[in-house]
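Residue numbers (the working numbering), protein chains in the order written: chain A, 1 to 197; chain V, 1 to 197. Some notes on the structure that comes next.
Protein chains: 2
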Amino acid sequence: MNKRTQQANQTKKRIIDSARELFVERGYYGVTVEDIIKKANSSKGGFYTHFKTKEELIINMLPMVDEAYTSFSQSNKEYESVNDKISSFINYVFVMMEKDIGLEFISAIYSSQIKDLTTQRFLIESDRVYYHVFNGLIEEGQGKGEITKDLSAEDIISIITTCIRGVIYDWCLKKGSFNLVSYGNNLIRMMLNQIKL
Amino acid sequence: MNKRTQQANQTKKRIIDSARELFVERGYYGVTVEDIIKKANSSKGGFYTHFKTKEELIINMLPMVDEAYTSFSQSNKEYESVNDKISSFINYVFVMMEKDIGLEFISAIYSSQIKDLTTQRFLIESDRVYYHVFNGLIEEGQGKGEITKDLSAEDIISIITTCIRGVIYDWCLKKGSFNLVSYGNNLIRMMLNQIKL
DNA sequence: AAATTTAACAGACCGTGGTCTCTATGCAAT
DNA sequence: ATTGCATAGAGACCACGGTCTGTTAAATTT
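And the structure:
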C-alpha cells in the first residue's frame, strides 16, 4: 500500500472514530457532519471523498454485525434440530439489534434505507453474510427433512426476513416500548411453524 | 365559523390542493415547500402555521384511506367465513397501498415515521379506523369460534399488523420490484393459518 | 529527471426544510 | 366605539446535508 492510500485510510479511520465517539455522546441526529470533521481535523471535501452520505457512516460502523453472523455460523455448538438452530440464529439477530446497535441507530438505518430512490440499499445486498448464513441453515433443514421443500430456500428466507423487518420496524415505530427479542422470537416462531414438516 | 378561521381553512386547503397537484406531477421529493407555497400564493409562515412538517402534508392527503376502511366495514358483502372476510380486508389494504397511494408516498411515510423521536406517529394512533375495523373482524372470528382465543384480539392484530408493515417496508426497500398484493396476501395467509382453529 | 495525471482534501457555496420576528387584522371585552 | 389580545401570515433568516472548484502532492508516464 502506497503513501497516498495509507494517508487516505488514516483520514477515513479518524472520521469514523470521531463519529463513533460523538454518536455515543449525543446520538446520531445530535451530531452534524460539521462536528465530525472538526473533531477529525478533516473537511467537507475529505468527508465526502470517503462517504457518499452521512448515513453511510453508520454502515461503516457495523462490521461487527457481519463478524457476529460469521462467528455464529462457525461455532460448533450442538442443537437438537436444525429448527432450533434457526430459532437461535434469529434470536441472535434480535439480541444484537437491541443490545449492540440500539434503537436510534436502527431507526436511522431503517428510515434512511427507504428515504429516496438513490440511497444504496445495503440491507438487501445479496452478498450480506446474513443471507449466506441463513441460506445455509434453511438448506440444511430441507436436506434433513425438517423443513418443507414446497418453498425454495430463497422464498423461505424472503418471508422470514420480511417478518423480521416488520418486527424491527414496529419496534422503531413504538420507540422500543416492547421487548424486541421476546416479541420477535414469538412472531417468528409462528411463521417457522408454517414451514416445518 | 368566523371569518378568521374561514380564511385560515381556505389557505390550508389551497396549500393541500397545490401540494397534491405538484406531487402528482413531480413526486414528493421533486417538490419543495417553496414550490408549494408559491403555487398556493402563501408563505413559509403560512405553511408552518398549518403543518408542523412537510411530511404532515401527506397525512392530510390521505383521508380517503380511512374512508375506504369505513366503507369496507359497512359493506354488506357476504363472506363464506370470517376468515375470508379478514383475508379480504387485508387484501384491500395492500391493493390500496399499491394502486391508490403508490410507492413513493408510502416510502416517504414509512421513512419519516421513524426518522426521529419527535415525529407524530400516526401509523400507531389507536383511534385509526384501520384498528377499529380490524378489531371488529377478529372479535367476530373469535366469537364464532373460527379464531383462537389463546391470544387476545389485540395481540393478534399486533402480530398481523407487524407482518403487514414488514411486507410494505420490504416493498419499499425493493423499490416495488415485487407484487405487493400477491406477496402480501401470501405471507399473511401463512400467519392467519396460525390463529385459525 | 521532467512532465503529466490522479486523487485527497480544503473550504466556499448552494438548496431546502424549518424557525424567528414583525405586521396586520379579526375578535372579544369594556 | 375603543382598547387590548390572539393569531394568520409574510418573509428574512438559520442550520445542516451535500456539491463544486481549486490546490497540492503523490504516483505514473515519458
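Every residue, glycine too, gets a C-beta built ideally from N, C-alpha and C. These numbers come from a predicted model, not from an experiment.
Along the segment 112-146 of chain V, going in chain order, the ones with a CB nearer than 9 Å to a CB of chain A are SER112, GLN113, ILE114, LYS115, ASP116, LEU117, ARG121, LEU123 and ILE124.
At least 8 Å separates the beta-carbon of TYR48(A) from that of VAL133(A).
In the displayed model, ILE164(A) falls within a helix according to three-state DSSP.
Across the set GLU67(V), GLY176(V), VAL95(V) and LYS115(V), the C-alpha of LYS115(V) shows the shortest separation from the C-alpha of TRP171(A). When C-alpha distances from PHE178(V) are compared across ARG20(V), GLU98(V) and VAL65(V), the shortest belongs to GLU98(V).
At a cut-off of 8 Å between beta-carbon atoms, GLN194(V) makes contact with chain A. Taking all protein chains in view, the Cβ of GLN113(A) is crowded by 16 or more other Cβ atoms within 10 Å, so the residue is classified as buried. Within the segment 30-45 of chain A, no residue has its Cβ closer than 7 Å to any Cβ of chain V. Not one beta carbon of chain V lies nearer than 8 Å to the beta carbon of LYS99(A). The continuous alpha helix (DSSP H) containing SER88(V) extends over residues 82-95.
For ASN185(V), the number of other beta carbons within 10 angstroms of its own is at least 16, and it is reported as buried. In terms of beta-carbon proximity, GLY166(V) lines the interface with chain A, with at least one pair separated by less than 8 Å. The alpha-carbon of ASP155(V) is positioned some 17 Å away from that of SER87(V). Residue burial annotation: MET1(A) is exposed, with fewer than 16 other C-beta atoms found within 10 angstroms of its C-beta. Closest in alpha carbon position to ARG189(A), among VAL33(A), ILE59(A), THR32(A) and ILE159(A), is ILE159(A). GLN194(V) is positioned such that its CB atom lies closer than 8 Å to that of GLN194(A). For the segment 159-185 of chain V, residues whose beta-carbon sits nearer than 7 Å to a beta-carbon of chain A comprise ILE159, THR162, CYS163, ARG165, GLY166, VAL167, TYR169, ASP170, CYS172, LEU173, LYS174 and LYS175. When secondary structure is reduced to three states using DSSP, ILE195(V) falls in the coil class, being assigned neither helix nor strand. As DSSP reads the structure, ILE147(V) sits in a beta bridge with LYS196(V).
A residue is called buried once 16 or more other Cβ atoms fall within 10 Å of its Cβ, and ASN9(A), having fewer, is exposed. By the Cβ test, the segment 31-46 of chain A is in contact with the segment 11-18 of chain A, since at least three Cβ pairs between them sit closer than 8 Å. Under a 10 Å Cβ-count criterion, LEU117(V) is classified as exposed, with fewer than 16 other Cβ atoms of the shown protein chains found around its own Cβ. Secondary structure note for THR70(A): its alpha helix (DSSP H) is the uninterrupted segment 63-74.
Residue contact check for TYR110(V) against chain A: a CB pair falls below 8 Å. From the listed residues GLY143(A), GLU25(A), GLY176(A) and ILE16(A), the smallest Cα separation to ILE59(A) is found for ILE16(A). Taking all protein chains in view, the Cβ of GLY166(V) is crowded by 16 or more other Cβ atoms within 10 Å, so the residue is classified as buried. In this chain, the alpha helix (DSSP H) harbouring ASN9(A) covers 3-26.
Residue nearest to SER182(V) within the set ILE90(V), VAL65(V) and ASP66(V) is ILE90(V) (criterion: CA-CA distance). The segment 134-145 of chain V makes no contact with the segment 135-144 of chain A: fewer than 3 CB pairs, one atom from each, lie closer than 8 Å. The segment 121-135 of chain V makes contact with the segment 62-80 of chain V, as at least three CB pairs between them are under 8 Å. A check of alpha carbon separations from ALA153(V) across LEU173(V), LYS174(V), GLN120(V) and LEU192(V) identifies LEU192(V) as the nearest. Excluding its 5 nearest sequence neighbours in each direction, LEU187(A) has C-beta neighbours in its own chain below 7 Å: CYS163 and VAL167, listed in chain order. Here GLY136(A) is near SER73(A), since their CB atoms are less than 8 Å apart. In terms of Cα proximity to THR161(A), the closest of SER111(A), PHE94(A) and LYS85(A) is PHE94(A). Excluding residues up to 5 positions away in sequence, LEU103 lie with their Cβ nearer than 8 Å to the Cβ of LYS175(V) in the same chain.
Spatial neighbours of PHE51(V) in its own chain (CB-CB distance under 7 Å, excluding positions within 5 residues in sequence) are listed in chain order as LEU57.
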